[in-house]
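Q:
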Amino acid sequence: MSAPLIDIREAWKTYQVGEVLIPAVRGVSLTVSAGEFLAITGPSGSGKSTFMHLLGCLDRLSSGSYGFEGRRVHELSRRELARLRNQRIGFVFQSFNLLARTTIVDNVALPLIYQGVRRAERRRRAAEMLERVGLGDRLRHHSNQLSGGQQQRVAVARALVTRPGMLLADEPTGNLDSKTSTEIMGLFRTLNEQDGITVVVVTHEADIAAYARRHVAFRDGQLVQDRSGASAA
Amino acid sequence: MTPFIVLSESLRSLGKNKVRTALSVLGIVIGIAAVITMVAVGEGAKRRVEREIATLGDDWILVAYWGVQRGGARRQQGIPPTLTREDADAIERECSAVRAATPVNRISFQAVSAYGNYQTPVVGTRPAYFDIRRWRAIEGREFNHDDMRMLNKVCCMGTTVSRELFGAMNPVGQTVRINRVAFEVIGLLEPKGVGSDGRDNDDMILIPFTSFERYLAGREASGTLMAAARHDETLAVAKQQIRDLLRQRHRLPDDVDDDFRIFDRSLTMQANAESSRTFNALLTTIASISLLVGGVGIMNIMLVSVTERTREIGLRMAIGADGAIILVQFLWEAIVLCGMGGVFGFGLGWVVSRLVAWNYGWDTVISYWMAGVAIAFATGVGLFFGFYPAWRASKLDPIDALRYE
């Protein structure tokens, strides 16, 4: 693919707190090609979370430009951003964010509701995706009946059910023990290597970042390091 | 399309919290039930008054003749004996809103039976009178046109007269002497009790008009006639037609006052209906306030729900719901809550109305349009009180909402 998946140039994000302007992201430029496995690291307060929100189209740039799959994201309205997130970006959160008292198949089908997909079709696609993450036998379970690792798998299935252009994971192993962390990161790697899904993981843990093939480090709102390294495992 | 897909999401979130859903619906249920009961009782009371008026035959029109009024002084003119008969015929024939009319002559006589005597009004009239006053015989029969034509010496009497003259006996077949003329009692009329004007309706003897003229009235002419409106016409129309016709028949120029007056009970009826309507409106207002309180309850519970589900809202926004969809989802929840309240409230109101009817012997009327109105109104309450919480939810920032603890 010639055009990069992500093309961010001179991205600034400033927050106004009272009279004071606080720059959280200060002139970051980054390009990511389709099929990459990228880790964004940095200590807390480094601006990596803010940058992730920008990447995920949850927030808008104060200045600069953001191209995603050739679309000029910085010019889109709130509603258009919502549609872009719905169709092209899959989110995985630290705290899973599954709907309680809801079956996992309905949890996974949730993004499809906002695409207007019919119920039977939603169920079918959700079941298929749960199969892929190894939970095909528990479709009718409720999310609170599952372990943390299984819940995160459900979240991954939900993120992928719309066949997005990018999987964006924010501290995906933050609530998991090391064994299940390894499983989840292994799942990401499989999805990346076998299905060619672009994965961006935001983390502050070096051993989690080590699963990625490209590492980007943040400090004080700026990109201080960008290297493609051999993976740790 | 999407609003209806989101409806299933709303139903599911309501289903997740059944106890809370039930409790928040309760306020609306009680409010709607109160309104339904009040309206049912009010309708029942109205229906009852209407029925009483109808059974009492209180919807008559009375035309009384007097002299022409001129220059402030009323000059008594002799009424030609034929006048009321011909007027009554003309009214029946020409006034489309009138179903029956009859001359009525009323003179007080001493009535004598084998057992006693009693001073009572004796009324000469035509058989149409029984229709006009919706009066019928409970023993024997009413007099008819044959009795009129043949100048039969027959009479019908009210229960008061019967008691005075015959005690507990059945008067039918007995003889009453009125002005030394013997009349056979052919009918005992159903008791009507004391009318709204305070007069005892049952204290009266009725005699065919022709016989009355021949044997009792002599040359004394009837001064009144009575008429009744058709069921599908209002009293006012009938009165207007009668007035126009009589003015024309009496050849009254435009600048001359009527030589008759038309009375009816519509003013009293209206006043009664008005006061019961006012009272009922007051009760319904109070019931509506409880519905309002129910609505505020819904708003409160929706606000709690929005706060509690902030993270869920954040997630939904992150995976692609825009503000409008979130708004619609929460609005649906409020509408469904209140709509359910409307349905159950109607049911409860129906039950309570039945209990009231059964326990207090009141009439209550539940009409099915009220169900529609109740549900529509409850839904409106949901829309109104659900909007603010839903709007708050839709304005959340996805990032803040996701971080919310």
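Quick note, the sequences are listed as chains A and B, same order. Numbered according to my numbering, the first sequence terminates at residue 233, and the numbering increases by one at each position without gaps. Numbered according to my numbering, the second sequence terminates at residue 1405, and the numbering increases by one at each position without gaps. Ideal Cβ positions, reconstructed from N, Cα and C, are used throughout, including at glycine. Source: prediction; values computed, not measured.
Consider the Cβ of A:R9: report whether some Cβ of chain B lies at a distance smaller than 8 Å.
A: Not one chain B Cβ lies under 8 Å of A:R9.
Q: Can you list, in chain order, the stretches of the alpha helix (DSSP H) that have 4 or more residues and sit fully within the stretch 62 to 105 of chain A?
A: Counting only runs of 4 or more, we get 78 to 88.
Q: Within its chain, find whatever has a CB closer than 6 Å to the CB of B:G1072; leave out the 5 residues flanking it on each side and keep chain order.
A: Unreliable positioning characterises B:G1072 in this predicted model, as indicated by a pLDDT of 46, which lies under 50. A coordinate reading is not provided.
Q: Kindly list, in the order they appear in chain B, the residues whose Cβ is closer than 7 Å to that of A:L139.
A: Those within 7 Å of A:L139 in chain B number zero; the least Cβ separation is about 16 Å.
Q: With 8 Å set as the bound, which would you pick, yes or no: does the beta-carbon of A:R85 sit closer than that to a beta-carbon of chain B?
A: It does: the Cβ of A:R85 has a partner Cβ on chain B nearer than 8 Å.
Q: Going along the chain, which residues of the stretch 1319 to 1334 of chain B sit with their C-beta nearer than 9 Å to a C-beta in chain A?
A: Listed by position, the residues of the stretch 1319 to 1334 of chain B near chain A (Cβ gap below 9 Å) are I1319, G1320, A1321, D1322, G1323, A1324 and I1325.
Q: Can you look up B:C1155 in the DSSP assignment and give me helix, strand or coil?
A: Three-state DSSP puts B:C1155 in a strand.
Q: Could you check what DSSP says for B:F1143 in three-state terms: helix, strand or coil?
A: Note: B:F1143 maps to coil in three-state DSSP.
Q: Jot down the residue ranges of each uninterrupted alpha helix (DSSP H) in the stretch 173 to 231 of chain A, minimum 4 residues, whole runs only, in chain order.
A: Counting whole runs of 4 or more residues, the stretch 173 to 231 of chain A contains the alpha helix (DSSP H) stretches 178 to 195 and 206 to 209.
Q: Give every residue of the same chain whose Cβ lies closer than 8 Å to the Cβ of B:I1335, excluding the five residues on either side of it in the sequence, and list them in chain order.
A: These residues qualify, in order along the chain: T1379, G1382, L1383 and G1386.
Q: If I'm right that B:V1343 touches B:I1298 with Cβ under 8 Å, what's the distance once you round it to whole angstroms?
A: So it is not a contact: roughly 15 Å between Cβ atoms.
Q: Looking at the strands, I want to know which residues DSSP matches up with B:E1184.
A: DSSP output for B:E1184 lists B:V1154 and B:T1175 as bridge partner(s).
Q: Check whether the stretch 1231 to 1246 of chain B and the stretch 1186 to 1204 of chain B touch, using three or more Cβ-Cβ pairs below 8 Å as the test.
A: They do not touch, by the three-pair rule.
Q: Answer with yes or no whether the minimum CB distance from A:Y15 to chain B is below 8 Å.
A: Not an interface residue.
Q: Between B:G1294, B:R1247 and B:R1277, which lies nearest to B:I1091 when the distance is taken from Cα to Cα?
A: Closest by alpha carbon: B:R1247.
Q: With DSSP run on the structure shown, which of helix, strand or coil describes B:E1190?
A: B:E1190: coil per DSSP, three-state reduction.
Q: Distance, Cα to Cα, B:W1350 vs B:G1295?
A: If I take the Cα positions, the gap works out to 21 Å.
Q: With a Cβ-Cβ cutoff of 8 Å, do A:A3 and A:K13 count as a contact?
A: Cβ atoms of A:A3 and A:K13: not closer than 8 Å.
Q: Whose C-beta lies closer than 8 Å to the C-beta of B:R1047 among residues of the same chain, with five residues either side of it excluded?
A: Within the same chain, B:R1047 has close Cβ partners D1363 and V1365.
Q: Between A:L110 and chain B, is there a C-beta pair that is closer than 8 Å?
A: Output row for A:L110: interface = yes.
Q: Would A:K48 be called buried (16 or more neighbouring beta carbons within 10 Å of its own) or exposed?
A: Answer is buried; the Cβ neighbour count reaches 16.
Q: Could you confirm whether any beta carbon from chain B is found closer than 8 Å to the beta carbon of A:N144?
A: For A:N144, the answer is no, since every Cβ of chain B falls outside 8 Å of its Cβ.
Q: Can you find the residues in the same chain that come closer than 6 Å, C-beta to C-beta, to B:T1159, ignoring five residues on each side of it along the sequence?
A: Once the five neighbours on either side are set aside, the close Cβ partners of B:T1159 are P1191 and D1202.
Q: Would you say A:H204 faces chain B, with C-beta separation under 8 Å as the test?
A: It does not: the Cβ of A:H204 has no partner Cβ on chain B nearer than 8 Å.
Q: Can you name, in chain order, every residue of its own chain whose Cβ lies under 7 Å from the Cβ of B:P1398, other than the five neighbours on each side?
A: If we look at B:P1398 and ignore the five residues flanking it on each side, its Cβ neighbours are G1314, M1317 and A1318.
Q: Determine, using beta carbons only, whether A:Y114 comes closer than 8 Å to chain B.
A: Chain B contact via Cβ: present.
Q: State the start and end residues of the unbroken alpha helix (DSSP H) segment that holds A:L130.
A: Looking at the DSSP string, the run of the alpha helix (DSSP H) that includes A:L130 is R119 to R132.
Q: Answer yes or no: does any C-beta atom of chain B fall closer than 8 Å to that of A:G221?
A: Chain B, which has no Cβ nearer than 8 Å to the Cβ of A:G221, makes this no.
Q: In this structure, does DSSP put B:G1071 in helix, strand or coil?
A: With a pLDDT of only 44 at B:G1071, under 50, the local geometry of the prediction cannot be trusted, and the value read off the model is given with reservation. B:G1071: coil per DSSP, three-state reduction.
Q: Please confirm if B:K1016 has its CB atom under 8 Å from at least one CB of chain A.
A: Yes, contact with chain A.
Q: On the CB-based measure, 16 or more other CB atoms within 10 Å of its CB, does B:I1061 come out buried or exposed?
A: Per the 10 Å Cβ criterion, buried.
Q: Please go through the stretch 1196 to 1277 of chain B and give each complete beta strand (DSSP E) segment of 3 or more residues, from N-terminal end onward.
A: Complete beta strand (DSSP E) runs here, min 3: 1205 to 1208, 1224 to 1229 and 1260 to 1264.
Q: Can you confirm whether the stretch 90 to 102 of chain A touches the stretch 131 to 139 of chain A when touching is taken to mean that 3 or more C-beta pairs between the two stretches lie within less than 8 Å?
A: Result no; under three Cβ-Cβ pairs closer than 8 Å.
Q: Using a Cβ distance threshold of 8 Å, determine whether the stretch 1219 to 1235 of chain B contacts the stretch 1020 to 1039 of chain B, with at least three qualifying pairs required.
A: No, the stretch 1219 to 1235 of chain B does not touch the stretch 1020 to 1039 of chain B.
Q: Please list the partners that B:R1012 has in chain A, where partner means a Cβ-to-Cβ separation under 8 Å.
A: Here the neighbours are T102 and D106.
Q: State the CB to CB distance for the pair A:F96 and A:Q152, rounded to an integer number of angstroms; the pair is presumed to be in contact (CB under 8 Å).
A: Contact holds; Cβ gap of about 6 Å.
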